[in-house]
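Residue numbers (the numbering used here), protein chains in the order written: chain A, 204 to 273; chain B, 394 to 616.
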């Protein structure tokens, strides 16, 4: 399973908006690029909010979803 | 703390002003800091302040009678909140909430009127800002009234779903929005509506189609 969210380091401009909105505190800026720490904690907010993707102005942080039929 | 002139210079409302004009305007602007979840505006409340986001992100939304939240847009640094209600004199059109730590700069309605009178360039700029918002809203109206998005989202889900082995396609809501010719917020709303209808289930890594026939009905109903 792909770890979420997916980060494109080349697109990240280091604005930090995703870090500010992450309720699970799993995003940090390192050398002005967003990184994930403690992926297992992501979604500890219990609703996999994907707000990081919502606020990213450059499309560097994505939350791609599989589409499956039950 | 006084608003930095460099920040004001980046705001479309104040474009083209002289250094002296910036100096006089900045005296009328105050700073406000909010933490995650705190409300900037309450829908229906009195519109008293025009805000500019200096740092962080703010969610602008409306609430339905059933308490459902519909996100209209996410406001990022350099963008404004509450222009329409401030200038038409009506109540706040929307609510707005801090998505994390947020710093805002605000101008009270009365002070704004002084600025508009004393600095005609600001009035011209505001015309442009408001016209831009009308253009965005017109596009949203077109989406909501002429091109029912929910049917197109249902079609995208059916076209990209896999029920066997093999690599699964993965789509972000932004990509679905581009395919459906709409914006991410409308896709998010459509997915929630499809979940409420029992056609899909939203999970952390995936969208599970629980009722293919219901999805097909959505496609037929809106095509």
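Ideal placement from N, C-alpha and C gives every residue a C-beta, glycine not left out. These numbers were taken from a predicted model, which means no experiment stands behind them.
### Message
Among A:253, A:226, A:231 and A:241, whose alpha-carbon lies nearest the alpha-carbon of residue 565 of chain B?
### Response
Start at 1 with the first residue of the second chain, and residue 565 of chain B comes out as number 172. Minimum Cα distance to residue 565 of chain B is reached at A:253.
### Query
On the premise that residue 542 of chain B lies in contact with residue 575 of chain B, defined as a C-beta separation below 8 Å, what is that separation, rounded to the nearest angstrom?
As a first step, residue 575 of chain B is located in the second chain; it is residue number 182 there, counting from the start. As a first step, residue 542 of chain B is located in the second chain; it is residue number 149 there, counting from the start. So it is a contact: roughly 5 Å between Cβ atoms.
### Task
Give the interface partners of residue 271 of chain A over in chain B, defined as CB-CB distance under 9 Å, in chain order.
As a position in the first chain, residue 271 of chain A is number 68, starting the count at 1. Correct list: 554, 555, 556, 561, 599, 600, 601 and 602.
### Task
Would you verify that the beta carbon of residue 208 of chain A is, or is not, closer than 7 Å to some beta carbon of chain B?
As a working note, residue 208 of chain A is residue 5 in the first chain. Chain B, which has no Cβ nearer than 7 Å to the Cβ of residue 208 of chain A, makes this no.
### Query
Is the stretch 451-460 of chain B close to the stretch 405-421 of chain B, with three or more CB pairs under 8 Å?
no
### Query
Within 10 angstroms of its Cβ, does residue 534 of chain B collect 16 or more other Cβ (buried), or is it exposed?
Position 141 of the second chain holds residue 534 of chain B. The residue in question, residue 534 of chain B, is exposed, as its Cβ has fewer than 16 Cβ neighbours within 10 Å.
### Message
Can you tell me where the beta strand (DSSP E) holding residue 501 of chain B begins and where it ends?
### Response
Taking the second chain and counting its residues from 1, the one referred to as residue 501 of chain B is at position 108. From DSSP, the beta strand (DSSP E) with residue 501 of chain B extends over 495-501.
### Amino acids of chain A, ordered along the chain, whose beta-carbon sits closer than 9 Å to that of residue 494 of chain B
Residue numbering aside, residue 494 of chain B sits at position 101 when the second chain is read from its first letter. Ordered by position in chain A, the residues that pass the 9 Å Cβ test against residue 494 of chain B are 223.
### Query
Would you report the Cα separation of residue 218 of chain A and residue 273 of chain A, rounded to the nearest angstrom?
The residue you call residue 218 of chain A lines up with position 15 of the first chain. The residue you call residue 273 of chain A lines up with position 70 of the first chain. Distance between the alpha carbons of residue 218 of chain A and residue 273 of chain A is about 39 Å.
### Query
Should residue 257 of chain A go down as buried or exposed, given a rule of 16 or more other Cβ atoms within 10 Å for buried?
As a working note, residue 257 of chain A is residue 54 in the first chain. Buried, by the Cβ-count rule.
### Query
Per the contact definition of three or more C-beta pairs closer than 8 Å, is the stretch 478-487 of chain B in contact with the stretch 418-427 of chain B?
As far as the Cβ criterion goes, the stretch 418-427 of chain B does not touch the stretch 478-487 of chain B, which means the pair count is below three.
### Query
Just curious, the beta strand (DSSP E) that residue 488 of chain B is in, first and last residue?
The residue labelled residue 488 of chain B in the question sits at position 95 within the second chain. Unbroken beta strand (DSSP E) run through residue 488 of chain B: 488-491.
#### Entry: Candidates B:493, B:408, B:466 and B:425: closest to residue 396 of chain B by CA position
For the purposes of this step, residue 396 of chain B is taken as residue 3 along the second chain, with counting starting at 1. The option with the nearest alpha carbon to residue 396 of chain B is B:425.
### Task
At 9 Å on the CB atoms, spell out the chain A contacts of residue 469 of chain B, in chain order.
By one-based count along the second chain, residue 469 of chain B stands at place 76. Residues of chain A passing the Cβ test: 218, 220, 258 and 260.
### Query
Name the DSSP beta bridge partners of residue 425 of chain B, please?
Working through the second chain from its first residue, we reach residue 425 of chain B at position 32. For residue 425 of chain B, which the question treats as bridged, DSSP gives the partners B:497.
### Task
Determine the contact status of residue 599 of chain B and residue 267 of chain A, defining contact as a CB-CB distance below 7 Å.
The residue labelled residue 599 of chain B in the question sits at position 206 within the second chain. The residue labelled residue 267 of chain A in the question sits at position 64 within the first chain. Taking 7 Å as the Cβ cut-off, residue 599 of chain B and residue 267 of chain A do not qualify as a contacting pair.
### Message
When you compare the CB of residue 265 of chain A with every CB in chain B, is at least one pair closer than 7 Å?
### Response
Along the first chain, read from residue 1 onward, the residue named residue 265 of chain A stands at position 62. Yes, because at least one Cβ of chain B sits closer than 7 Å to the Cβ of residue 265 of chain A.
### Query
Going along chain A, which residues have a C-beta under 9 Å from residue 564 of chain B?
The residue labelled residue 564 of chain B in the question sits at position 171 within the second chain. The contacting residues are 267, 268, 269 and 270.
### Message
Give me the residue from B:551, B:528, B:584 and B:404 with the minimum Cα distance to residue 474 of chain B.
### Response
For the purposes of this step, residue 474 of chain B is identified with residue 81 of the second chain, where counting begins at 1. Considering only alpha carbons, the answer is B:404.
### Task
Would you mind sorting residue 261 of chain A into buried or exposed? The rule is 16 or more other CB atoms within 10 Å of its CB.
Indexing the first chain from 1 puts residue 261 of chain A at position 58. The residue in question, residue 261 of chain A, is exposed, as its Cβ has fewer than 16 Cβ neighbours within 10 Å.
### Query
Does any C-beta atom of chain A lie closer than 7 Å to the C-beta of residue 449 of chain B?
As a first step, residue 449 of chain B must be located in the second chain, where it is residue number 56. So, interface residue.
### Extent of the continuous alpha helix (DSSP H) run through residue 224 of chain A
Walking along the first chain from the start, residue 224 of chain A turns up at place 21. Run containing residue 224 of chain A: 220-224, per the alpha helix (DSSP H) assignment.
### Query
Which one or two residues does DSSP pair with residue 564 of chain B in a beta bridge?
Here residue 564 of chain B refers to the residue found at position 171 when the second chain is read from its first residue. Bridge partners of residue 564 of chain B: A:268.
### Query
So which of B:402, B:511, B:547 and B:519 has the shortest CA-CA distance to residue 476 of chain B?
Locating residue 476 of chain B in the second chain gives position 83, counting from the first residue. It is B:519 whose Cα lies nearest to the Cα of residue 476 of chain B.
### Task
Between the Cα of residue 406 of chain B and those of B:445, B:438 and B:440, spot the shortest distance and give me the residue it belongs to.
One-based indexing of the second chain puts residue 406 of chain B at position 13. Closest option to residue 406 of chain B, Cα to Cα, is B:445.
#### Entry: Where the beta strand (DSSP E) through residue 543 of chain B begins and ends
On the second chain, position 150 is the one that residue 543 of chain B refers to. Under the DSSP assignment, residue 543 of chain B falls outside any beta strand (DSSP E), being part of the alpha helix (DSSP H) whose first and last residues are 542-553.
### Query
DSSP three-state call for residue 469 of chain B: helix, strand or coil?
Residue mapping note: residue 469 of chain B aligns to position 76 of the second chain, counting from 1. DSSP places residue 469 of chain B in coil when its eight states are reduced to three.
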